[in-house]
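The structure appears right after this line, and notes come after that.
In the working numbering, the protein residues as written are 26 to 126.
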């Protein structure tokens, strides 16, 4: 996980628009290359992926050594996780606004 997030950070540094680059990674064609059955649209994928990443970090922090904990804490603040978190918050905010209407 930490290695993947470091790669994502490098990709963000090299991109003019990291949000667009991250979003492109979650397109239908990109997700189909993951070799998983159809798991839903981008909103669903973002929520599931964010949930998996945060769960992994949370459980990893409980069992990790001091060095590993530092790596996991840095991973939780990576550009991709930060972007994914804000995307999920925006989805939830829009969902709540829609429910109020």
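Cβ atoms here follow ideal geometry from the backbone N, Cα and C, with glycine treated the same way.
Keep in mind that this is a model prediction, so the values were computed, not measured.
- Message: Quick test of the definition: if touching needs 3 or more C-beta pairs under 8 Å, does the segment 87 to 102 touch the segment 48 to 64?
- Response: Taking 8 Å as the limit for Cβ pairs, the verdict is that the segment 48 to 64 does not touch the segment 87 to 102.
- Taking DSSP as the reference, what is the three-state secondary structure of residue 44? Here residue 44 corresponds to residue number 19 of the chain shown, with the count starting at 1. In this structure, DSSP gives residue 44 a helical state, which the three-state scheme calls helix.
- To the nearest angstrom, report how far apart residue 23 and residue 117 are at their CA atoms. The question about residue 23 has no answer, for the chain in this structure spans 26 to 126.
- Query: Where does residue 62 land, buried or exposed, given buried means 16+ other C-beta within 10 angstroms?
  - Reply: Walking along the chain shown from the start, residue 62 turns up at place 37. When all chains shown are included, residue 62 counts as exposed.
- Excluding the five sequence neighbours on either side, which residues of its own chain have a C-beta within less than 7 Å of the C-beta of residue 89, listed in chain order? In the chain shown, the residue the question calls residue 89 occupies position 64. Annotation for residue 89: 97 place their beta carbon closer than 7 Å to its own, counting only its chain and skipping 5 residues before and after.
- Item | Contacting residues, own chain, Cβ-Cβ under 7 Å from residue 115 (five flanking each side not counted) | In the chain shown, counting from the first residue as 1, residue 115 sits at position 90. Same-chain partners within the cutoff: there are none.
- Query: Can residue 103 and residue 38 be called in contact, C-beta distance under 7 Å?
  - Reply: To locate residue 103, count along the chain shown from 1; it is residue 78. To locate residue 38, count along the chain shown from 1; it is residue 13. No, the pair does not count as a contact, with Cβ atoms beyond the cut-off.
- Query: Under 7 Å between the Cβ atoms of residue 80 and residue 30?
  - Reply: Position 55 of the chain shown, counted from the start, is the residue given in the question as residue 80. Position 5 of the chain shown, counted from the start, is the residue given in the question as residue 30. No, the pair does not count as a contact, with Cβ atoms beyond the cut-off.
- Coarse secondary structure for residue 122, derived from DSSP in three states: Taking the chain shown and counting its residues from 1, the one referred to as residue 122 is at position 97. Note: residue 122 maps to helix in three-state DSSP.
- Assigned exposure category for residue 86 - 16 Cβ within 10 Å defines buried: Here residue 86 is taken as the residue at index 61 of the chain shown, counted from 1. Result: exposed.
- residue 71 and residue 112: beta carbons closer than 7 Å? The count along the chain shown starts at 1 and reaches residue 71 at position 46. The count along the chain shown starts at 1 and reaches residue 112 at position 87. Contact: yes.
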